[in-house]
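Each remark here refers to the structure printed beneath this line.
Number of protein chains: 2
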Amino acid sequence: MKTSADQRPRTVTASDVARRAGVSRSAVSRAFTPEASIHPRTREQVLAVARELGYRPNALARSLVKSKQGPSSGLIAVVMGEFDNPFQPHFFSQLTQALQAQGRVAMLVMPDAQGSLDDALERLIAYQVEGAIIAAGSLSPEATNAFLALGTPAVLLGREDPRGRVSAILTDNRAVGERAADYLLRQQRKAPAFIGGRADGQASHERQQGFIETLSRTGFNTVPCLSNPDYSYASGYRAAQQLLRDHPDTDALFCACDALALGAMDALRAAGKTSPEQFSLIGCDDVPQAAWPGYQLTTLAQPVQQLVTQALDHLITSIASQRTDSPEVLRLTPEFVQRQS
Amino acid sequence: MKTSADQRPRTVTASDVARRAGVSRSAVSRAFTPEASIHPRTREQVLAVARELGYRPNALARSLVKSKQGPSSGLIAVVMGEFDNPFQPHFFSQLTQALQAQGRVAMLVMPDAQGSLDDALERLIAYQVEGAIIAAGSLSPEATNAFLALGTPAVLLGREDPRGRVSAILTDNRAVGERAADYLLRQQRKAPAFIGGRADGQASHERQQGFIETLSRTGFNTVPCLSNPDYSYASGYRAAQQLLRDHPDTDALFCACDALALGAMDALRAAGKTSPEQFSLIGCDDVPQAAWPGYQLTTLAQPVQQLVTQALDHLITSIASQRTDSPEVLRLTPEFVQRQS
DNA sequence: TTGAAAGCGATACCAG
DNA sequence: CTGGTATCGCTTTCAA
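Taken in sequence, the protein lines are chains F and R. Numbering of the first sequence is given in the numbering used here, commencing with residue 1 and proceeding in unit increments. Numbering of the second sequence is given in the numbering used here, commencing with residue 1 and proceeding in unit increments.
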């Protein structure tokens, strides 16, 4: 008699089903292959027995043999930065769901504080991921290298590869800056300023460029620009305080992302600048909080759904074509979202 | 001459390394097995060649053979609900990082609107996940069943299995309600109320129970309790409006989660109840926004780090012991976080 | 349409 | 310590 400890049933294999159904292992395999040449009746029989026994093809074994024909693990690596900005989770959940809808499985890597990114990547690669979506902010280059070395297709999401070696799908950040400037100009503001994220942050930098260039075309030659160690609410708050101290006449502000903008808004309020008449503020991303009644932040929305769809399409295509050369960069247009009025 | 299309190098296998290093495949395998009995010099040689050729053991193949000895895919399924509450992403990122630190890989499932949960679960199961962490809110039962049927260890995180068939790690929600009540009583409030999430929501319900029972012990027998279709900011806002309409004398409010509480706070402010003297508010979770200067929400923090650690420990243990019977429920104590004063 | 047999890439057992 | 061999679970020729 067995002990109660080995309650876990041995995995049911194709052989088990074959034996029970009185057919060969091949037949079982065929029953689970849509286009296989197999008699309908045989298939039904097999599937019936399979259901009865609770058999499911082992994806590990399947991928192993199919790897002869090309990659087919069905696994996609998702490299995601930390959720320090409320925009990231939103982005991430869209991405996951899109992958899922495609019948693929997301294997996740999040660089933690220890910087164990490399280990984690190695592990994913060992699982023969077919491709990678990289949305890891500043850690993207490392991740990019890892996949590039393997010839595994990868797509950057939300940022661009400085060396242009892999495709990238992102929001047109210069356009973001330009439209932010347009908005503030339309409001007849006299003293606009900018609060950005990390000085080396690509997106932040491009938004700043678009912003100040547009302004300079209208005669604003010196626009105060502050940068921060990150893209957080707290940084926005601090930066706005500093801005008010150093440039008390400021009457319009563009922040590189909503998190910064929300922080800035609270700092402005704390300083008594509560009315939209005295001060214009605009952010970028369109995080859920921006729509909260307490904030009503005007912002430039990133086209999340499009970004995700395009990135996935692109990745799937390059997996299918087995080409990682000829990288492309796709810049999608942000959408202006007017609030607070 | 090959065309430029087949630029992707064929995967390097152990045989390639063996041949090049002048040893057997077994030797290569041993070189990559920490405790294997192999001459240090041989190992170094092999590793050198491996590095040179860019060889990495194929995890798929490895898991396949190791499955003889027991589960060893290194894969853990993470079933996560939608990120409709800012607490979820926070939770999720902690979980992922913890898994990663353990050298495991997270395979993610997020039930999307279409309810394709079953398909996605089937897929994960096919990949021979060793265990599952289920933090999917209301969809947990389905997910639980799927893993239970396979005898795959699973742990519920943040909620409990109504039928008590799998282990669960969660915050002590009754204690949350009790301490919330204590706080409001300490403030000498006369007319406390409660705003919860879904009426059938387990956590919300337990928090409510703890809350009203504690209050009733002090003589409050009829406490207005509102429920909502979800746990969102918007619902909190609406519910608070309704509360102020139906019970204008309310002077203290406990919300089942911070998202609801933040919404309620904005509704209170919009109604002119701005001062902490006139109105006490307390939430639960301790999401990042609760600490923002604009809110300064007093709340009962869920011990995220502990929850994650315990859940993982528990899962690993039951994977190792191969037992899915004798489920346990662990309730961790919330931490009171006093703000706004 | 079907079954037998040959792998996919790696590990573990067994002699040497 | 080392190399040969069986095996993991599945798909895929190749004949029949």
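Ideal Cβ placement from N, Cα and C applies to all residues, glycine included. Nothing here was measured: the structure is a model prediction, and the numbers come from that model.
If you draw a straight line from the alpha carbon of R/Asp119 to that of F/Gln94, how long is it in whole angstroms? 18 Å
Determine contact between the stretch 289-301 of chain F and the stretch 39-48 of chain F, defined as no fewer than three beta-carbon pairs at a distance below 8 Å. no
Taking only three categories from DSSP, how would you classify F/Ala301? strand
Check whether the Cβ atoms of R/Thr299 and R/Asp258 lie closer than 8 Å to each other. yes
Determine the DSSP secondary structure at F/Phe279, reduced to helix, strand or coil. coil
Have a look at R/Ala256, R/Val337 and R/His314 and flag the residue whose alpha-carbon is nearest the alpha-carbon of R/Leu156. R/His314
At a CB-CB cut-off below 7 Å, which residues of chain R make contact with F/Phe32? None at all; the shortest Cβ gap to chain R is about 11 Å.
Which runs of the alpha helix (DSSP H) spanning at least 4 residues fall entirely within the stretch 16-99 of chain R, listed in chain order? 25-31, 40-53 and 59-66
Taking Cβ-Cβ distances below 8 Å as the criterion, which residues of the stretch 216-243 of chain R are in contact with chain F? Tyr233 and Tyr237
For F/Asn58, which residues in chain R fall below 9 Å Cβ to Cβ? Leu64, Ser67, Ala126, Tyr127 and Gln128
In whole angstroms, what separates the C-alpha of R/Ala349 from that of F/Gln100? With chain R covering only 1 through 341, there is no way to say anything about residue 349 of chain R.
How would you list, in chain order, the residues of chain F whose beta-carbon sits under 7 Å from the beta-carbon of R/Leu108? Thr96, Ala106 and Leu108
Taking DSSP as the reference, what is the three-state secondary structure of F/Pro141? helix
Roughly how many angstroms separate the alpha carbons of F/Val349 and R/Leu332, rounded to a whole number? Outside the modelled stretch of chain F, which goes from 1 to 341, sits residue 349 of chain F, for which no answer is possible.
Range of the contiguous beta strand (DSSP E) that encloses F/Val337: Glu335 to Val337
Can you tell me the Cα-Cα spacing of F/Val166 and R/Ser26, whole angstroms? 37 Å
Going by the DSSP bridge assignment, what does F/Thr171 pair with across the sheet? F/Leu332
At a cut of 8 Å, does the stretch 267-279 of chain F reach the stretch 306-324 of chain F through at least three beta carbon pairs? no
With a cut-off of 8 Å, does the C-beta of R/His247 fall near any C-beta of chain F? no
R/Val287 versus R/Phe87: straight-line alpha-carbon distance, rounded: 5 Å
Candidates R/Ser140, R/Asp285, R/Pro224 and R/Asp161: closest to R/Arg245 by CA position: R/Pro224
Hey, how far is the Cα of F/Cys284 from the Cα of R/Gln305? 31 Å
Can you look up R/Gln289 in the DSSP assignment and give me helix, strand or coil? helix
Closest by CA to R/Glu160, which one among R/Glu178, R/Pro111 and R/Ala136? R/Ala136
Mind checking which residues open and close the alpha helix (DSSP H) that includes R/Ala345? The first residue shown for chain R is 1 and the last is 341, placing residue 345 of chain R beyond what the model contains.
Whether or not the stretch 133-148 of chain R and the stretch 62-73 of chain F are in contact is what I'm after, with contact meaning three or more pairs of Cβ atoms, one per stretch, closer than 8 Å; do they touch? no
Please check if any C-beta of chain F sits within less than 8 Å of the C-beta of R/Gln7. Any reading at R/Gln7 is ruled out, since the residue's pLDDT is 48, under 50, leaving its predicted position unreliable.
Could you tell me the alpha carbon to alpha carbon distance between R/Pro40 and F/Arg174, rounded to whole angstroms? 56 Å
Separation of R/Tyr55 from R/Ser15, as counted between CA atoms: 10 Å
Looking at the ligand ADP, does it come within less than 7 Å of F/Val49, judged from the CB to the closest heavy atom? This structure lacks the ligand ADP, and indeed carries no ligand of any kind.
Are F/Ser204 and F/Ala264 touching if we call contact CB-CB under 8 Å? no
Is there a Cβ from chain F that is less than 8 Å from the Cβ of R/Gln296? no
Short Cβ contact (8 Å threshold) for F/Leu260 with F/Tyr231: yes
Candidates R/Pro153, R/Pro248 and R/Glu213: which alpha carbon is nearest R/Arg323's? R/Pro153
On the three-state DSSP scale, how would you describe R/Val12? coil
Whole beta strand (DSSP E) runs in the stretch 171-219 of chain R with 3 or more residues, listed along the chain? 192-195
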